[in-house]
Every structure is written in C-alpha cells, then in structure tokens.
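Following the UniProt record's numbering, the numbering of the sequence shown begins with 1 at its first residue and continues without gaps.
Even for Gly, the Cβ is constructed at its ideal location relative to N, Cα and C.
Nothing here was measured: the structure is a model prediction, and the numbers come from that model.
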Amino acid sequence: MELLAYHPDFISQEQLENFSLPLNQLKFSDLPLNAIKKSKVDHDRYPIFLIHDQQLLVAFILHINEGPKIYTNKPNTILLRSFSTNHHYQGKGYAKTALLLLPAYIKEHFPTITEIILGVNAKNLPAISLYQKTGFVDNEKPLLTEYGELKIMIQTIQ
C-alpha cells in the first residue's frame, strides 16, 4: 500500500468515477473527481490517494499556502481536506493506514511542513475517533461555519 499524488497515468478516470460515498458521508467530504477539478484551478491543492493492488481506496487533498490559513496563521502547516474512503472499502482499516502513512509522505514531499491541520464536523464522530487514533489532537478552538461546528485537529510532524 502506498500514497500517491494524482496523475492520470497512475489513476484512471474509471477508478475515479467508481469511487463512491454513501449519501450521509457526502455532506462531510468531496468526491475525488471534484477535488481534482479544484486542484487544476488552485495549484496549492494536491490530490493524494491510497492505492493497493491498483484499487483506489482512500482519497484526500493536501493544501498548502492559503489553505491552512482558514484555521491557523502558523507557518509550515498543511491542510488535510476532503478525506474519504471509497464506500466499497470502508471498515477495513484503509483510512487509518492512509493517515499513519501521511506524516512520512509529507516529510518526503513537503519537507518544510511541521504540522498537519484539519477541520472535521463535530457531528462526524467516526472521523473524529479515527483522527484521534492516528495522532491528531483537538486544538479546543471549534469553528462555527454554515455547515455547523467544526473541530480543528492538528498533528505535529516529528
């Protein structure tokens, strides 16, 4: 299993189109196709995928520069956003694996980054639990948005 940055030579359009989420999860995250479209306009967004046996398991965006500023003014921070696991592979530990691989991936590809930050809907208890199990901590400064209360979670990269 490995984390790979999006490139059409490695991840096919069919794989992206087959990535699905249950309706109740779509309110919390974006599908990879939409995230890739946004990254073509905003070059500070990097679509990343967990791949195993040519299966697209987990997708997310790493957002640098302006992205993290919605939650923090700290330099050297990267925003983790649109984190999702393909519906067909949920409950098998792939999301946890992706998050455990993430610090090493960031060290290699974004060597100046020292902190990962994310916002998670306070009602998304399974996601909050997952983030806590993989080293994220609540910064105790919730943010009220049009979508509800977000918990802001951080992880320091060692």
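Based on the DSSP secondary-structure assignment, which residues constitute the bridge partners of residue i?
i   : result
G91 : Looking at the DSSP assignment, G91 forms no beta bridge with any residue, so it has no partner.
F83 : DSSP lists no partner for F83.
Under 8 Å, do residue i and residue j count as touching if we go by C-beta distance?
i           : j    : result
residue 237 : I117 : Residue 237 lies beyond the stretch modelled for the chain, which goes from 1 to 158, so this question has no answer here.
I70         : A5   : no
T134        : K107 : no
G91         : N121 : no
L56         : Q15  : yes
E115        : I154 : yes
S20         : A59  : no
K38         : R45  : yes
L50         : A98  : yes
L101        : L3   : yes
I152        : N139 : yes
Please classify residue i as buried or exposed, where buried requires at least 16 neighbouring CB atoms within 10 angstroms.
i    : result
H63  : buried
N65  : exposed
Q132 : exposed
P32  : buried
L144 : exposed
D9   : exposed
N76  : exposed
L150 : buried
Please confirm whether residue i has its beta-carbon closer than 8 Å to some beta-carbon of chain D.
i    : result
K141 : Structure shown: chain D not included; a single protein chain is present.
Between the options, which lies nearest to residue i when the distance is taken from Cα to Cα?
i    : options              : result
I11  : R45, T112, H52, M153 : H52
I113 : A59, D30, P68        : P68
E17  : R81, A35, L3, M1     : A35
Complete alpha helix (DSSP H) runs within the UniProt domain "N-acetyltransferase" (1-158) (minimum length 4 residues, chain order): 13-18, 23-26, 32-41, 94-109, 125-133
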